[in-house]
Amino acid sequence: MLSPPVVLRAIESRHGPFRRKSVKPYSRVFQAVDGRSLLKVYVGIDPAGRRRREVEAIRGGGRQGLLVPTVLRTGTESDSAWTVFQMLPGRPCTIETLPAVREYLDRILALSEQLHLSAPGLAPGSGWVPHHRDAFTHRGFLLRQMSPRCRLLPWWADLAELLAPIDSHPVVRLHGDLKPEHLLIDGDRLHVVDWEASGRGPAVADHADVAFHLARDLIYGELPYRRLPEDVVRRLVLSGSVLAWRLLLWLDRRRPEDITLVPPGLIRQLAAPNRPTATWALLAQTISSLRARGVPR
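Here it is in structure tokens:
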């Protein structure tokens, strides 16, 4: 974790002591015993960059009027990085019931109006603050997030072609990971946490992330209503080509062989225009099939 130990001791003397709250592939989260703060340790892929992006987005989100955590202290040590956040009130959104799904989507749509403001002069790229010249289109920004091996796969040319229309979309600031648990409901207030995947790109990228997580979590969570009512599906903002990209990004980050399980023609089927109900059904069917073939969540 943090090295040397004196760094952790210094953090704990000011904000701790901490107890472990969660362990994820790329982070460790600790909660202060007094419940007043959280220590997040970034590990694995680009810990320093993820820490920087999260801190910058939180500061920018606060200036934009969003309710975000207060950064109490942050830094980098050896091969990891860390941030101490003030603990926020509220309960996480869930998707455990249909009313909860509806509430989550209502919150997302309201948040989108406040978050996804056009940002003239910004180029697509990672994080809210450019640190080098980002000469990317929206399409380039999305495709760059996939591993180089994907360029050799049969669907790559189709995906690149089908993403081209989003290059005309406005550049907005993105959260990048709008899972239900990253939205904390505090009465009529909404706190938004976990900004390390933030970026600059098309708003449909955040909405595709919402739809993907909803479909995947319903299926892998074995919740009793995998088939959402049509009125709920129509609350989703679906761009089939971006949804296809998000599905492929998930597979690219699983077992090496999982990215090869994409059925022929799937990308074009998902990208077919003006078919939200059919697009959702195909996404859910595809994820169910991938789960049956052993793809981990």
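The opening position of the sequence shown corresponds to residue 67 in my numbering, with each subsequent residue numbered one higher. Virtual Cβ for every residue (Gly too), placed ideally from N, Cα, C.
- prompt: What do you get for P295, buried or exposed, if any count of 16 or more other CB atoms within 10 angstroms of its CB means buried?
  reply: By the neighbour-count rule (16 or more Cβ atoms within 10 Å), P295 is not buried but exposed.
message: So, with DSSP's three-state summary, where would you put P158?
response: When secondary structure is reduced to three states using DSSP, P158 falls in the strand class.
- prompt: What residues in its chain sit with their C-beta under 8 angstroms from that of P339, if we drop five residues either side in the sequence?
  reply: The residues are G306.
message: Counting C-beta neighbours from all protein chains within 10 Å, is the total for S79 16 or more, i.e. buried, or is it exposed?
response: The residue is exposed, with fewer than 16 neighbouring Cβ atoms inside 10 Å.
- prompt: Is the number of C-beta pairs between the segment 106-124 and the segment 159-174 that are closer than 8 angstroms three or more?
  reply: The segment 106-124, when compared against the segment 159-174, does not touch it at the 8 angstroms Cβ threshold.
- request: Select from V107, G101 and L138 the residue whose C-alpha is nearest the C-alpha of V89.
  value: Minimum Cα distance to V89 is reached at V107.
- request: Leaving aside the five residues before and after G82 along the sequence, list all residues of the same chain whose C-beta is less than 6 angstroms from its C-beta, in chain order.
  value: A98.
task: Give the straight-line distance between the Cα atoms of V195 and E323, rounded to the nearest whole angstrom.
output: For V195 and E323, the distance between alpha carbons rounds to 35 angstroms.
task: In the DSSP assignment, find the unbroken beta strand (DSSP E) run with E143 in it and report its ends.
output: Element bounds for E143: V137 to E143.
message: Under DSSP, the alpha helix (DSSP H) around F278 begins and ends at which residues?
response: Counting along the chain, the alpha helix (DSSP H) containing F278 begins and ends at A269 to Y286.
field: Whole-Å CB distance - C216 paired with D145, under 8 angstroms assumed
entry: Actually they do not touch by this definition, with Cβ atoms about 27 angstroms apart.
message: Let's test the definition: count the other Cβ atoms within 10 Å of the Cβ of S69 and tell me whether it reaches 16, buried, or not, exposed.
response: Residue confidence for S69 is low, a pLDDT of 49 falling below 50, so the modelled location carries little weight; the figure read from the coordinates is stated next. S69 comes out exposed.
Selected residue, minimal CA-CA separation from P231, among F151, W346 and V270: Comparing Cα positions, the closest option is V270.
task: Take Q211 and list the residues in its own chain whose beta-carbon comes closer than 8 angstroms to its own, dropping the five residues that flank it on each side.
output: So the qualifying residues of the chain are L315.
field: Contact check, L304 vs P329, beta carbons under 8 angstroms
entry: In this structure, L304 lies away from P329, with their beta-carbon atoms at least 8 angstroms apart.
message: Report the CB separation of L177 from V258 in whole angstroms; it is logged as a contact under 8 angstroms.
response: The pair is a contact, with the Cβ atoms about 7 angstroms apart (cut-off 8 angstroms).
message: As a quick exercise: from P268, I285 and R75, pick the residue whose alpha carbon is nearest that of V237.
response: Across the set P268, I285 and R75, the C-alpha of P268 shows the shortest separation from the C-alpha of V237.
message: Helix, strand or coil, according to DSSP, for A310 in the structure here?
response: Helix at A310.
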